[in-house]
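**Student:**
Protein chains: 2
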Amino acid sequence: MGRARSLPQPVIAEIIAVGSELLLGGRTDSNSLFITDELSTLGIEVRFKSVVGDDRADIVRALKTAVARAEIIVMTGGLGPTVDDCTREAIADAAGRKLGRRKEAFEAMQKRLAQWGRSPNKGQLRQALIPTGATVVPNPVGSAPGFWLSWRGTLLISLPGVPAEMAAMMRESVVPALASRLKERGRTPQPIRRQVFHTWGISEADVDAKLQGLIPKKASVDLGLLASPLGVLVSLTTKPLNSTAAETWASLSESVRACLHEWIFAEGPETMEEVVGRLLIKDKHTLALAESCTGGLIGHRLTQVPGSSAYVDRGIICYSNHAKIDLLGVPADLIERHGAVSAEVAAAMAKGVRERSGVSIGLSVTGIAGPGGATATKPVGLVYVGLNADNGETVTREHRFHGDRSVIKQRSSQAALDLLRRWLLNGCR
Amino acid sequence: MGRARSLPQPVIAEIIAVGSELLLGGRTDSNSLFITDELSTLGIEVRFKSVVGDDRADIVRALKTAVARAEIIVMTGGLGPTVDDCTREAIADAAGRKLGRRKEAFEAMQKRLAQWGRSPNKGQLRQALIPTGATVVPNPVGSAPGFWLSWRGTLLISLPGVPAEMAAMMRESVVPALASRLKERGRTPQPIRRQVFHTWGISEADVDAKLQGLIPKKASVDLGLLASPLGVLVSLTTKPLNSTAAETWASLSESVRACLHEWIFAEGPETMEEVVGRLLIKDKHTLALAESCTGGLIGHRLTQVPGSSAYVDRGIICYSNHAKIDLLGVPADLIERHGAVSAEVAAAMAKGVRERSGVSIGLSVTGIAGPGGATATKPVGLVYVGLNADNGETVTREHRFHGDRSVIKQRSSQAALDLLRRWLLNGCR
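The listed protein sequences derive, respectively, from chains Z and V.
Read in this note's numbering, the first sequence has 317 at position 317, and its numbers run on one by one without any break.
Read in this note's numbering, the second sequence has 1212 at position 212, and its numbers run on one by one without any break.
#1: Where does Asp1283 of chain V land, buried or exposed, given buried means 16+ other C-beta within 10 angstroms?
#2: When DSSP labels each residue in this structure, what does Cys1318 of chain V get in the three-state scheme?
#3: Have a look at Z:Asp222, Z:His300, Z:Ala288 and Z:His198 and flag the residue whose alpha-carbon is nearest the alpha-carbon of Glu262 of chain Z.
#4: When we look at the beta-carbon of His402 of chain Z and count the other beta-carbons within 10 Å, is it buried (16 or more) or exposed?
#5: Compare the C-alpha of Tyr384 of chain Z against each of Z:Thr375, Z:Leu419, Z:Gly352 and Z:Ser406 and name the closest.
#6: From the DSSP output, in three-state form, read off Ala389 of chain Z for me.
#7: Among the residues of its own chain, which have a CB less than 7 Å from the CB of Val359 of chain Z, if the five just before and after it don't count?
#8: Pull up the CB-CB distance for Pro160 of chain Z and Ala144 of chain Z, whole angstroms please, since I reckon it's below 8 Å.
#9: Which value, in whole angstroms, describes the spacing of the CA atoms of Val52 of chain Z and Val1052 of chain V?
#10: Using a Cβ-Cβ distance cut-off of 8 Å, determine whether Pro306 of chain Z contacts chain V.
#11: Which complete alpha helix (DSSP H) runs does the segment 15-76 of chain Z hold, if anything under 4 residues is left out?
#12: Chain Z partners of His1300 of chain V, CB-CB under 7 Å?
#13: Relative to the alpha-carbon of Trp249 of chain Z, which residue among Z:Ser220, Z:Glu274, Z:Glu393 and Z:Ser228 has its alpha-carbon at the smallest distance?
#14: Spatial neighbours of Asp1208 of chain V within its chain, please: CB distance less than 8 Å, with the 5 preceding and 5 following residues excluded, ordered by chain position.
#15: So the candidates are V:Leu1024, V:Ile1016 and V:Leu1023; which of them puts its Cα closest to the Cα of Leu23 of chain Z?
#16: Between Ser119 of chain Z and chain V, is there a C-beta pair that is closer than 8 Å?
#17: Going by the DSSP bridge assignment, what does Gln195 of chain Z pair with across the sheet?
#18: Which residues in the same chain as Thr1394 of chain V place their Cβ atom closer than 8 Å to its Cβ, once the five residues preceding and following it in sequence are excluded?
#19: Going by C-alpha distance, which of V:Met1272, V:Lys1122, V:Gly1213 and V:Ser1030 is nearest Ala1416 of chain V?
#20: With a threshold of 8 Å between beta-carbons, can Arg1069 of chain V be considered close to chain Z, or not?
#21: Based on Cα-Cα distance, which residue from V:Ser1253, V:Ala1134 and V:Glu1014 lies nearest to Gly1268 of chain V?
#22: What three-state label does DSSP hand Trp1116 of chain V in the structure shown?
#23: Could you check whether the segment 1179-1190 of chain V touches the segment 1042-1062 of chain V, counting it as contact only if at least three pairs of C-beta atoms, one from each stretch, sit closer than 8 Å?
#24: Would you say the segment 80-98 of chain Z touches the segment 54-61 of chain Z, given that touching needs at least three Cβ pairs under 8 Å?
#25: Count the CB pairs spanning the segment 112-127 of chain Z and the segment 79-91 of chain Z that are closer than 8 Å, and state whether there are at least three.
#26: Is it right to say Gln1212 of chain V is buried, meaning 16 or more other beta carbons lie within 10 angstroms of its own, or is it exposed?
#27: When burial is assigned at 16 or more other CB atoms within 10 Å of the CB, is Asn391 of chain Z buried or exposed?
#28: By the criterion of Cβ-Cβ separation under 7 Å, what are the contact partners of Thr1065 of chain V in chain Z?
#29: Spell out whether any CB of chain Z is found under 8 Å from the CB atom of Pro1371 of chain V.
#30: Mind reading off the beta-carbon distance from Phe265 of chain Z to Val275 of chain Z? Whole number of angstroms is fine, and I expect it under 8 Å.
#31: Evaluate the contact criterion for the segment 1406-1414 of chain V versus the segment 1366-1375 of chain V: three or more CB pairs, one atom per stretch, below 8 Å.
#32: Looking only at C-alpha atoms, which of V:Ile1317, V:Ser1020 and V:Thr1076 sits nearest to Thr238 of chain Z?
#33: Does any CB atom of chain Z fall closer than 8 Å to the CB of Ser1006 of chain V?
#34: Does any CB atom of chain Z fall closer than 8 Å to the CB of Ser1406 of chain V?
Rendered as structure tokens:
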């Protein structure tokens, strides 16, 4: 961070994630999204991310590449107690430092392990080895300390790969320290602003067409679109160092909102299940579910939200026709006449589950998730969602989804929750 | 791939994933695990992975780094029809090529769009631009073609970022072409062998202790451990170019299996829900679920498996005590005496759901997922799982899990499915 003060320059960061499991499969790296978010609050822009295995020479190569293009390097992983873990050795190699046991690191580890009734083993002793000249970053959650050091004008930060430890160390030590270093050096970029809109029920191509020309070139704001089975995510991100005034930003946000309001179900980090939960609590509703093709996914999603026991009374996963008849009172002849995958049966399921449980709203899904189960008239992906409320209202919707079994289940759960959301917004009580 | 033939050298690959959304949040890159797996069947080792945003200069930098350290570069993303997508321009810049409309790419795209009743728009026309000297990789799923080219002795392959398109192009074109190129050049490394064991019910530290000293140094096999809420994954991976004989490999596999057989629930890509489904079908069992704290997650997991309607009859998500009494016939005074989170209630839930649905096995979970709901004697993470079978057997297990709500739900679902798996393996009929 010792570069020219006169001209404002973006503060460029690189993330290096160390771990053979990240390359070989079994796990994708989720730490870097968290780090990117935290750094963006300081106006620091993550421009590169690298993943390397637990190989000392490869880590050195990645470090040398990073130091040439980034002012801040955040490394995660490879600080554990096993022989595989060689991040600290690789940093010492690359930056030409020696490793030595650091008193404060050793004592903190000893104290932590003593709380757990243990004393450091041989591997854990290695974790107190810190490169010369580096500053220890305490670990408030686990036993492995992190550290940072200055190298060729770049600040190199090394943290454990365990998400909870990395997150606590970023929030408690790294972000405050970076903020004060940037300030000292007169490098205080604007925070990178980011606004996210979650839409459902409109394709990526249609979102693209609707937003065409909405963002003037000079606004220096990036528009991002990202399609997933749960809808299209639309994001506005300021370019670092830009001068987009607060009112321009607000008016751009408002334009996107106005353009897509019919499809936006949430802004920011809120999920569909959180939005629905909030609306249910607001109007003191209680909910019962009747799930066929989603197999419990709607219940699972709703109960991910702390406090959901206040409004989720029960759910019936009625995979068999027998269960639909037996547990929900769907008339057997209705299934015979229309088929289990029909608007009529979706309506009867919602009504049945509501009446039998004594809640205010029943929500249902019936459909063909595939790959089997299709008929001449009912293809894989045909899904009906239904809602029945204690004011006597019944609503059903037909959907024709594409994708594999997992995608169709996800889309079906989203369609059901969105039906409920819309009803709650426009609804009664 | 034009390097020395005399000495066997590992074939090193690098993956470059392009896309601002991969850096800024909203999505982690899952394509690279697939690519790594595919390349390992050819003995090609992915040693580096880089992620860059949709920035032409940054992509050029990443390419220049990669070409200096990898013999094969697989890029994904940035080939779409929008202005953001600049991978082809960056490749042309880096490798000093011109972009021109390629007839076969244009015609294939025209044909694909015609099937969908459309003709290429301006953005899609850009997708037919291919660097001079590059070979087009047809896209059997979508409209964007990929391509590959030789550059400074490295083979650079560029594919779309859409997972289904990338996967089809890897399998149908890239892997066969790489295989024949390697063969032509006398570079035919051994496939990288990888064996994965999934364990449940044992900690990472205990797995580590049990496997201590099991792998002789000269075996040149890497042992990997990875903990997740669903258990500890243990992997054996051969180092490329190693000469680990088939019998050594088999005996190492057998040693791990023997050492951990009590906890291994699956090998290879099989999931717990697939294992359980296979065992249920084998013995012609039918299953009903009674889920409290998992909220539908067990049902969701079981019904992710195609064909699960053959054994999943129904599930009851009984969040309220009322629902437990009403739908499962759990005696109200049992809940009063022992509390809803107790072995007694877990047993009664499993029995109730089995008897009322007429299936052969009932499986139940009741617990405190948190963050609320704990009492002086019952902490967050206390979970009971129960099983009741039509031979009169009842089994329950107590667990004390750590973690947030989502982790406790996942662990609870795994504990219930593992109880069922063990019962099916040892069980009756």
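Ideal Cβ positions, reconstructed from N, Cα and C, are used throughout, including at glycine.
**Tutor:** To lay it out plainly:
#1: Result: exposed.
#2: Under the three-state reduction of DSSP output, Cys1318 of chain V falls in the strand class.
#3: Here the closest residue by C-alpha is Z:His198.
#4: Here His402 of chain Z is exposed: its Cβ has fewer than 16 other Cβ atoms, across all protein chains shown, within 10 Å.
#5: Among Z:Thr375, Z:Leu419, Z:Gly352 and Z:Ser406, the Cα nearest to that of Tyr384 of chain Z is on Z:Leu419.
#6: Strand.
#7: The beta carbon of Val359 of chain Z lies closer than 7 Å to those of Thr286, Leu287, Ala288 and Asp313 in the same chain, with the five residues before and after it left out.
#8: Pro160 of chain Z to Ala144 of chain Z, Cβ: 5 Å. Contact.
#9: Looking at the two C-alpha atoms, the distance is approximately 15 Å.
#10: At least one chain V Cβ lies under 8 Å of Pro306 of chain Z.
#11: Correct list: 20-24, 31-40 and 56-67.
#12: Result: Gly295, Gly296, Leu297 and His300.
#13: For Trp249 of chain Z, the nearest C-alpha among the options comes from Z:Ser220.
#14: Excluding sequence neighbours, Asp1208 of chain V sits near Leu1225.
#15: Of the candidates V:Leu1024, V:Ile1016 and V:Leu1023, V:Ile1016 places its Cα closest to the Cα of Leu23 of chain Z.
#16: No - not a single Cβ of chain V is within 8 Å of the one on Ser119 of chain Z.
#17: Within the DSSP bridge table, the entry for Gln195 of chain Z names Z:Leu236 as partners.
#18: Excluding residues within five positions, the ones whose Cβ falls inside 8 Å are Ala1347, Ala1350, Lys1351, Gly1386, Leu1387 and Asn1388.
#19: Ranking the options by Cα distance to Ala1416 of chain V, first place goes to V:Met1272.
#20: The beta carbon of Arg1069 of chain V sits closer than 8 Å to some beta carbon of chain Z.
#21: Minimum Cα-Cα distance from Gly1268 of chain V among the listed residues V:Ser1253, V:Ala1134 and V:Glu1014 corresponds to V:Ser1253.
#22: Residue state, collapsed to three classes: coil.
#23: Per the Cβ contact rule, the segment 1179-1190 of chain V is in contact with the segment 1042-1062 of chain V (3 or more Cβ pairs under 8 Å).
#24: The segment 80-98 of chain Z is in contact with the segment 54-61 of chain Z.
#25: Contact holds: three or more Cβ-Cβ distances are below 8 Å.
#26: Residue environment for Gln1212 of chain V: exposed (fewer than 16 other C-beta atoms within 10 angstroms of its C-beta).
#27: By the Cβ-count criterion, Asn391 of chain Z is exposed, with fewer than 16 other Cβ atoms from all chains shown falling within 10 Å of its own Cβ.
#28: Correct list: Thr65.
#29: Closer than 8 Å: yes.
#30: About 6 Å separates the two Cβ atoms, so the contact holds.
#31: Yes, they touch.
#32: Proximity to Thr238 of chain Z across V:Ile1317, V:Ser1020 and V:Thr1076 peaks at V:Ser1020, based on C-alpha coordinates.
#33: The predicted position of Ser1006 of chain V is uncertain, since its pLDDT is 46 and thus under 50; no value can be drawn from it.
#34: For Ser1406 of chain V, a Cβ of chain Z is located within less than 8 Å of the residue's own Cβ.
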